[in-house]
Amino acid sequence: MPPIEEAQAINAQRIAELRVTLADLPLDHPQLTLEIGCGHGHYLAAYAEKNPAEHSIAIDIIKERLEKAARKTDRAGVTNVSWLRASAEHFFEALPSEVRFNGRIFILFPDPWPKRKHGKNRLIKPDFLHALATFTRTGTELCFRTDHDPYFAEALAVVSDHPEWNVTPDAEWPFEQRTVFEARADSHQSWIARRA
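Residue numbering for the sequence shown follows numbering that gives the first Met the number 0, beginning at 0 and increasing consecutively.
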């Protein structure tokens, strides 16, 4: 099998497996929150514990991080969070079309892909924002934080120009919890946008 076809087959298999996993989650929950790239789970574990009326879903591509995150919530007895191994692209491809996140979407300290040739890999792009808007209700907050100044500026420009999101400069950051990646940063910047 040619490499491109093999990669397509692997992706199709991952999406199919993810659909099976998603079928067991409370995707019809009245208050559904998402973290994309949850890392070791420090943030969403604490957020879920403080917000028991919400159901939170966290995705990351690194299995060991998700295992650590699940141990945190298991030890704390927190049951309103689901940890999933998935890329954002596969997650949205597998998500049933009727699902709508109406809590918050967190993207915290994503890989900035700092080299110019890798910039195409950055998450905050118009197509991603459109896909995200498809699965969110009006007023849902998209909360972005990074320690990489060029990515902050680029992401803010992209979301500001996007017709489905409105940047809310005076919005207060909804929840503070230091993460592994935040601890490594000298400083950081944040923005919040709301689904139009």
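In this text, a Cβ means the ideal position worked out from N, Cα and C, and glycines have one as well.
### Message
Which residue wins for smallest C-alpha separation from H39, given the options Q176, R193, W190, I191?
### Response
Translated into the one-based positions of the sequence shown, residue 39 becomes position 40. Per the Cα distances, Q176.
#### Entry: Residue closest to F90, alpha-carbon to alpha-carbon, out of A22, E48, R193
Here the question's residue 90 lines up with position 91 in the sequence shown. Among A22, E48, R193, the Cα nearest to that of F90 is on A22.
#### Entry: Helix, strand or coil at N120 [DSSP, three-state]
Within the sequence shown, the letter at position 121 stands for residue 120. Of the three classes helix, strand and coil, the one that applies to N120 here is helix, per DSSP.
### Query
From S81 to R121, what distance separates their C-alpha atoms?
In the sequence shown, the residue the question calls residue 81 occupies position 82. In the sequence shown, the residue the question calls residue 121 occupies position 122. When rounded, the distance between both Cα atoms is 25 Å.
#### Entry: 7 Å CB neighbourhood of A52 in its chain, flanking five on each side removed
By 1-based counting over the sequence shown, the position of residue 52 is 53. Excluding positions up to five away in sequence, the list reads Q30.
### Task
Determine the direct distance from the alpha carbon of K62 to that of W112, and round the result to whole angstroms.
In the sequence shown, counting from the first residue as 1, residue 112 sits at position 113. In the sequence shown, counting from the first residue as 1, residue 62 sits at position 63. So the alpha carbons of these two residues sit roughly 21 Å apart.
### Task
Using three-state DSSP, classify H129 as helix, strand or coil.
Indexing the sequence shown from 1 puts residue 129 at position 130. Of the three classes helix, strand and coil, the one that applies to H129 here is helix, per DSSP.
### Query
So, is G76 buried or exposed, given that buried needs 16 or more other C-beta atoms within 10 angstroms?
Here residue 76 is taken as the residue at index 77 of the sequence shown, counted from 1. Burial check for G76: the Cβ neighbour count within 10 Å stays below 16, so the residue is exposed.
### Task
Can you check DSSP and say which residues form a bridge with D59?
Reading the sequence shown from its first residue, position 60 is the one you call residue 59. The secondary-structure analysis by DSSP pairs D59 across a beta bridge with R84.
### Message
Taking the beta carbon of D59 as the centre, do at least 16 other beta carbons fall within 10 Å, making it buried, or is it exposed?
### Response
Taking the first residue of the sequence shown as position 1, residue 59 is located at position 60. The residue in question, D59, is buried, as its Cβ has 16 or more Cβ neighbours within 10 Å.
### Task
On a CA-only basis, which of W190, T72, T137 is nearest Y150? Give me that one, please.
Residue 150 sits at position 151 when you count from the first residue of the sequence shown. Nearest C-alpha to Y150: W190.
### Length of the line joining the Cα atoms of L65 and S159
Translated into the one-based positions of the sequence shown, residue 65 becomes position 66. Translated into the one-based positions of the sequence shown, residue 159 becomes position 160. Looking at the two C-alpha atoms, the distance is approximately 32 Å.
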